[in-house]
Amino acid sequence: MTRSSPISLSFTLSVLTILLSINVYSVHSCSKTVNVPQQNVINNQNNKENKQKKNEVISERRPDCNENIERKIENLNEIFSSALFGQHIAVSTIPTLIQSHMENRQPRKSLVLSLYGSSGVGKTYTAMTIMKVFNTEMNNVQYFHAATLSRKSLEEQISLITSTIEKTTSKCAKSIFIFDELDLLDSKLIDSLFPYLDYQESKDSIDYRGTTFIFIGKEAGTVINDLVISHTKKKENSRESLQLIEFEKSITNAIFNAQGGFYRSLIIQNGLIDIFVPFLPLERQHIMECIKYYLETINKKHLVNNSQMIDEIADSLQYFKHIYASTGCKKVSARTDLIIRNQELKLDL
0 MTRSSPISLS FTLSVLTILL SINVYSVHSC SKTVNVPQQN VINNQNNKEN
50 KQKKNEVISE RRPDCNENIE RKIENLNEIF SSALFGQHIA VSTIPTLIQS
100 HMENRQPRKS LVLSLYGSSG VGKTYTAMTI MKVFNTEMNN VQYFHAATLS
150 RKSLEEQISL ITSTIEKTTS KCAKSIFIFD ELDLLDSKLI DSLFPYLDYQ
200 ESKDSIDYRG TTFIFIGKEA GTVINDLVIS HTKKKENSRE SLQLIEFEKS
250 ITNAIFNAQG GFYRSLIIQN GLIDIFVPFL PLERQHIMEC IKYYLETINK
300 KHLVNNSQMI DEIADSLQYF KHIYASTGCK KVSARTDLII RNQELKLDL
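Residue 337 in numbering that gives the first Met the number 0 sits at position 338 of the sequence shown, with consecutive numbering throughout.
Have a look at this one:
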């Protein structure tokens with residue numbers, strides 16, 4: 000048997016060591032080659048997630064045209080408590096609902112309020128006050144009156160209203176839309192609003208769930224008056240003890256079956272009106288409060304305590320059931336101006 004020399008063994012070991020080192024380097028090199036694309040995938044995923052988060056933040060930054068909601072609601076409450084007379088249900092309900100909806104970041108649907116009552120009881124005044132408090136330079140509160148709309152064809156009315164709703168909401172997610180004299184509007188026009196009131200995330204990429212719709216009408220005025228009269232016949236029942244729930248069914252039936260905006264309406268059938276707010280008939284005491292308030296607004300505060308003159312103004316108005324003013328506070332300003340002027344003329348003589 001031939002023996003290997005120490006030199007040849009040493010050479011062989013050296014060669015093996017070199018080969019092993021080459022293999023180890025190859026393995027590490029391959030590993031690094033494989034890991035590079037994996038890291039790229041992770042980085043790409045992170046980038047996508049970051050972009051998505053940025054996009055989510057951007058989408059949440061829709062124009063906030065109703066900042067300082069609490070302050071605005073305080074302002075609304077102050078005005079209502081000082082100038083909206085005899086409407087305890089409206090005063091306690093409307094500001095609370097609007098505030099809750101405005102502060103809700105993920106409402107399920109738009110807030111829909113329907114204000115009903117006879118003439119001069121404060122419905123339009125309520126709407127105008129809401130407009131005054133919440134409207135900004137973005138014109139995020141839009142007011143539609145039947146008298147103005149009636150000059151256009153039905154198709155033009157629908158086009159005007161839907162385009163206004165879409166443009167306004169795209170600028171301000173918390174926009175408010177007011178429809179006055181609903182009983183004079185076509186039911187087809189009102190039903191065209193269905194997609195904006197319904198439970199859906201968006202329509203044509205615009206989310207309408209943050210909006211508020213306010214409808215004003217007189218159709219249920221007689222029903223509301225009858226309920227108030229029936230309730231207060233019993234001496235133990237005060238006007239202020241009447242609650243919202245006592246009116247809802249009667250109002251719904253009245254407006255659904257009466258010719259007007261909600262006649263056989265899909266909006267009513269699908270229960271999209273959140274609250275029917277009854278405006279109660281005004282009594283003589285409320286008329287006297289209206290007179291005093293008007294005197295203050297025309298800088299005649301010195302006449303507020305003139306009970307004889309205030310009685311004269313109140314007596315000049317018509318009442319039904321000897322209690323309730325037939326036209327509410329609607330004629331107060333004209334009658335007050337007339338009687339003040341007559342008294343001034345007498346003094347001049």
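For glycine and all other residues, C-beta sits at the position ideal for the given N, C-alpha and C. Nothing here was measured: the structure is a model prediction, and the numbers come from that model.
Three-state secondary structure assigned by DSSP to residue i
i, result
"residue 180", "coil"
"residue 233", "coil"
"residue 11", "With a pLDDT of 45 at residue 11, under the threshold of 50, the modelled position of that residue is not reliable, and the figure given next carries that caveat. Residue 11 falls in the helix class under three-state DSSP."
"residue 322", "coil"
"residue 202", "strand"
"residue 328", "coil"
Beta strand (DSSP E) segment containing residue i, residue limits
i, result
"residue 111", "110–115"
"residue 144", "140–144"
"residue 251", "Segment 244–256 is the alpha helix (DSSP H) holding residue 251; no beta strand (DSSP E) there."
"residue 276", "274–277"
"residue 211", "211–216"
6 Å CB neighbourhood of residue i in its chain, flanking five on each side removed
i, result
"residue 274", "112"
"residue 250", "115, 219, 275"
"residue 216", "115, 181, 182"
"residue 314", "none"
"residue 94", "72, 75, 76"
"residue 331", "289, 290, 293"
"residue 128", "78"
"residue 96", "none"
Residue i, buried or exposed, once every other Cβ within 10 Å from all chains shown has been counted against 16
i, result
"residue 29", "Reliability of the predicted coordinates at residue 29 is poor, the pLDDT of 37 falling under 50, and the value obtained from them is presented with this limitation in mind. By the neighbour-count rule (16 or more Cβ atoms within 10 Å), residue 29 is not buried but exposed."
"residue 193", "exposed"
"residue 167", "buried"
"residue 270", "exposed"
"residue 179", "buried"
"residue 86", "buried"
"residue 254", "buried"
"residue 285", "buried"
"residue 188", "buried"
"residue 340", "exposed"
"residue 100", "buried"
"residue 200", "exposed"
"residue 236", "exposed"
"residue 160", "buried"
"residue 297", "exposed"
"residue 173", "buried"
"residue 31", "With a pLDDT of 40 at residue 31, under the threshold of 50, the predicted position of this residue should be treated as unreliable, though the coordinate-derived value follows. Its Cβ having fewer than 16 others within 10 Å, residue 31 is exposed."
"residue 109", "buried"
"residue 240", "exposed"
First and last residue of the uninterrupted alpha helix (DSSP H) at residue i
i, result
"residue 167", "153–170"
"residue 338", "331–347"
"residue 296", "283–296"
"residue 89", "87–102"
"residue 262", "That residue, residue 262, is in no alpha helix (DSSP H); it is neither H nor E in DSSP."
"residue 353", "Not covered by the structure: residue 353. The range shown for the chain is 0 to 348."
"residue 120", "No alpha helix (DSSP H) contains residue 120, which DSSP labels as neither H nor E."
"residue 136", "It is not in any alpha helix (DSSP H) - residue 136 carries neither H nor E in the DSSP assignment."
"residue 313", "306–314"
"residue 186", "186–190"
"residue 195", "193–196"
Chain-order list of residues whose beta-carbon lies under 8 Å from that of residue i (same chain, five-residue window excluded)
i, result
"residue 242", "88"
"residue 300", "294"
Contacting residues, own chain, Cβ-Cβ under 7 Å from residue i (five flanking each side not counted)
i, result
"residue 102", "68"
"residue 320", "228"
"residue 328", "119, 281, 286, 289"
"residue 325", "317, 318, 319"
"residue 107", "198, 208"
"residue 231", "238"
"residue 295", "303"
"residue 145", "179, 180, 183, 184"
CB-CB length for residue i against residue j, believed under 8 Å
i, j, result
"residue 186", "residue 263", "7 Å"
"residue 90", "residue 280", "16 Å between Cβ atoms; not a contact."
"residue 125", "residue 83", "6 Å"
"residue 140", "residue 175", "4 Å"
"residue 65", "residue 143", "Wrong, their Cβ atoms sit about 20 Å apart, outside the cutoff."
"residue 195", "residue 211", "The Cβ separation is near 11 Å, so there is no contact."
heavy atom of the ligand HEM below 7 Å from residue i C-beta
i, result
"residue 210", "Summarising the ligand content, the structure contains no ligands, and the ligand HEM is consequently not present."
Beta carbon proximity, residue i to chain B, threshold 8 Å
i, result
"residue 332", "No chain B appears in this structure, which consists of one protein chain only."
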